[in-house]
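Data block below; observations after.
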Ligand SMILES: Cc1cc2nc3c(=O)[nH]c(=O)nc-3n(C[C@H](O)[C@H](O)[C@H](O)COP(=O)(O)OP(=O)(O)OC[C@H]3O[C@@H](n4cnc5c(N)ncnc54)[C@H](O)[C@@H]3O)c2cc1C
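Numbering (the numbering used here), first residue to last: 185 to 688.
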């Protein structure tokens, strides 16, 4: 779509607008990426911003868990991480698409170093629980990928008969297509799938007479009947526009992006300040919040609310009925992750896995291997990253039970777990105070109704954040939304509506 100019990437441009806010006061609710970016840009345009943040830290969902990190879940209480030294895992965002130019722009502008995040790894595993002959065994991704390429290309090459198919192909076109199918599938001259080193070795080649041994292909029926063509496996990352390589991550943890923004606007943030009420006044807005010393009130000219909607839904306000309904009805997904610290990086040392993802159809859904500090000492991998019903069920478990589940199911794939495991930390985002969900999920109808209702300010209050974009579940959503909201506010204050950089 980008090639056809139908989808414009966010611009990697600094945010420059004419005019000045002349000290108008803006109350920003939430010091996540959206709130801090809005305050950063507004301050540069001459506005006075105060950010109210309920947590003791900035970043919101952009959070890396390290030694001393604390989380509070509604049913399970406070939980503190005890990872060794500099070890961490990204409990929220872990990867930046190469096409999210605005996220990359802010990393560059704020001086956040990036490194490659290896999202696609043919050496990782597929593990399908079930009753097929390939079930309950770990199988390298590359074996299934290459066998399926071989079988499907073989079927296609047999099916292509220009006399019978209305393809409009000439004999020459047809020959070229066949050659492509042969190359793509690894077919022999008889158009039959022939195993090769593409799918890996049963015995690696080496010196002397060790020429290496290639194992036989898995049978197509075994692959199908073992569930390895089910969505848990074919719905793979690299087919998604945003998840195609190259992907990136902030060196040292994704929270470095939040920390860099905090360095710019930190003086304007009031931490441990939980918003309890938002009221439009005839002119201006009044926000009540509580901190360690009790209830307080703040008034401002305008307000930007980036509080996630499931949290906002329980906060007192006097918004109109459209906004109020939208806040109550837009749903967020269930999602959770667990970080597991191991004594050694056995997935690298024993299994040749450097970054990437193992997929399984059990509760774990995915295991993420770290894309940094390769061949170092200890390591933290993400023992599950799950969604929806699986995340809901996992979230019901206590922290100890989640660890038990991750270890028990993970040991089926990595038998090294029991010997090498040291400690864990899990986050269930839909149970996490001040988030209460992973990200907003819309159907088409909700996009036309609830979403649109919140795109307009409710008098002096603007709604911003990941949920106010079509980039749900992405940091780019927070950045895009912040820029749009700043442009809207600046237009209201200066009386001039100018397109914000990136706007069509
Ligand atoms: C599991 C997971 C994986 C993700 N993976 C990726 C990824 O790989 N790549 C990517 O780009 N994005 C990813 N994302 C999405 C990304 O994290 C979000 O889109 C982005 O961080 C949202 O920023 P925000 O500012 O809109 O919201 P938030 O970060 O939620 O900020 C809202 C702020 O409001 C504060 N707040 C809440 N209630 C109150 C209150 N009552 N008073 C005061 N303050 C309050 C919160 O503490 C928080 O700081 C992921 C998210 C999750 C949860």
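A virtual CB, placed ideally from N, CA and C, is assigned to each residue, including glycine.
Can you pull the DSSP bridge partners for residue i?
{"i": "residue 616", "result": "257"}
{"i": "residue 523", "result": "566 and 609"}
{"i": "residue 461", "result": "472 and 500"}
{"i": "residue 645", "result": "487 and 642"}
{"i": "residue 478", "result": "475"}
{"i": "residue 624", "result": "516"}
{"i": "residue 247", "result": "Answer is none; residue 247 lacks a bridge partner."}
{"i": "residue 217", "result": "DSSP, once it has assigned bridges, lists no residue as partnering residue 217."}
{"i": "residue 650", "result": "Paired residues: none, contrary to the question."}
{"i": "residue 448", "result": "DSSP output for residue 448 lists no bridge partner at all."}
{"i": "residue 281", "result": "431"}
Can you give the beta carbon distance from residue i to residue j, rounded, assuming they're within the 8 Å contact cut?
{"i": "residue 551", "j": "residue 521", "result": "Not confirmed; about 11 Å, so no contact."}
{"i": "residue 475", "j": "residue 497", "result": "Incorrect: roughly 22 Å between the Cβ atoms, too far for contact."}
{"i": "residue 265", "j": "residue 251", "result": "6 Å"}
{"i": "residue 549", "j": "residue 571", "result": "7 Å"}
{"i": "residue 540", "j": "residue 305", "result": "2 Å"}
{"i": "residue 634", "j": "residue 672", "result": "Their Cβ separation, rounded to whole angstroms, is 19 Å, which puts residue 634 and residue 672 out of contact at 8 Å."}
{"i": "residue 470", "j": "residue 480", "result": "Contact flag wrong, Cβ pair sits at about 11 Å."}
{"i": "residue 238", "j": "residue 472", "result": "About 13 Å separates the two Cβ atoms, so there is no contact after all."}
{"i": "residue 280", "j": "residue 431", "result": "6 Å"}
{"i": "residue 218", "j": "residue 662", "result": "4 Å"}
{"i": "residue 296", "j": "residue 440", "result": "5 Å"}
{"i": "residue 463", "j": "residue 501", "result": "7 Å"}
{"i": "residue 376", "j": "residue 664", "result": "Not confirmed; about 50 Å, so no contact."}
{"i": "residue 453", "j": "residue 328", "result": "Contact doesn't hold; Cβ gap of about 48 Å is too wide."}
{"i": "residue 340", "j": "residue 365", "result": "6 Å"}
How big is the Cα-Cα spacing for residue i and residue j?
{"i": "residue 213", "j": "residue 611", "result": "23 Å"}
{"i": "residue 335", "j": "residue 625", "result": "37 Å"}
{"i": "residue 628", "j": "residue 492", "result": "20 Å"}
{"i": "residue 249", "j": "residue 609", "result": "8 Å"}
{"i": "residue 586", "j": "residue 643", "result": "44 Å"}
{"i": "residue 425", "j": "residue 466", "result": "46 Å"}
{"i": "residue 447", "j": "residue 508", "result": "34 Å"}
{"i": "residue 386", "j": "residue 326", "result": "13 Å"}
{"i": "residue 323", "j": "residue 313", "result": "12 Å"}
{"i": "residue 319", "j": "residue 410", "result": "5 Å"}
{"i": "residue 211", "j": "residue 367", "result": "60 Å"}
{"i": "residue 617", "j": "residue 263", "result": "12 Å"}
{"i": "residue 437", "j": "residue 229", "result": "30 Å"}
{"i": "residue 206", "j": "residue 231", "result": "6 Å"}
{"i": "residue 357", "j": "residue 418", "result": "30 Å"}
{"i": "residue 396", "j": "residue 384", "result": "10 Å"}
{"i": "residue 693", "j": "residue 337", "result": "Within the shown structure, residues of the chain are numbered from 185 to 688, placing residue 693 beyond reach of any answer."}
{"i": "residue 202", "j": "residue 670", "result": "12 Å"}
{"i": "residue 402", "j": "residue 435", "result": "39 Å"}
{"i": "residue 680", "j": "residue 632", "result": "27 Å"}
{"i": "residue 630", "j": "residue 514", "result": "7 Å"}
{"i": "residue 311", "j": "residue 412", "result": "8 Å"}
{"i": "residue 652", "j": "residue 639", "result": "7 Å"}
{"i": "residue 455", "j": "residue 580", "result": "29 Å"}
{"i": "residue 199", "j": "residue 666", "result": "11 Å"}
{"i": "residue 478", "j": "residue 495", "result": "20 Å"}
{"i": "residue 241", "j": "residue 445", "result": "12 Å"}
{"i": "residue 197", "j": "residue 293", "result": "9 Å"}
{"i": "residue 451", "j": "residue 607", "result": "35 Å"}
So the alpha helix (DSSP H) residue i belongs to, where does it begin and stop?
{"i": "residue 289", "result": "285–294"}
{"i": "residue 584", "result": "583–597"}
{"i": "residue 418", "result": "415–418"}
{"i": "residue 665", "result": "659–678"}
{"i": "residue 406", "result": "404–409"}
I want to see whether chain B comes within less than 9 Å of residue i, judged by CB atoms only; does it?
{"i": "residue 411", "result": "Of the protein chains in the structure, only one exists, and it is not chain B."}
Within the continuous beta strand (DSSP E) that includes residue i, where are the two ends?
{"i": "residue 357", "result": "Premise fails: residue 357 lies in the alpha helix (DSSP H), 355–369, not in any beta strand (DSSP E)."}
{"i": "residue 543", "result": "540–544"}
{"i": "residue 603", "result": "It is not in any beta strand (DSSP E) - residue 603 instead sits in the alpha helix (DSSP H) that spans 601–604."}
{"i": "residue 550", "result": "550–553"}
{"i": "residue 324", "result": "322–324"}
{"i": "residue 301", "result": "298–301"}
{"i": "residue 431", "result": "431–434"}
{"i": "residue 315", "result": "Looking at the DSSP string, residue 315 is not in any beta strand (DSSP E), and its letter there is neither H nor E."}
{"i": "residue 236", "result": "232–236"}
{"i": "residue 311", "result": "309–311"}
With a threshold of 8 Å, establish whether the CB of residue i neighbours any heavy atom of ligand 3.
{"i": "residue 246", "result": "Among the ligands modelled here, namely ligand 1, ligand 3 does not occur."}
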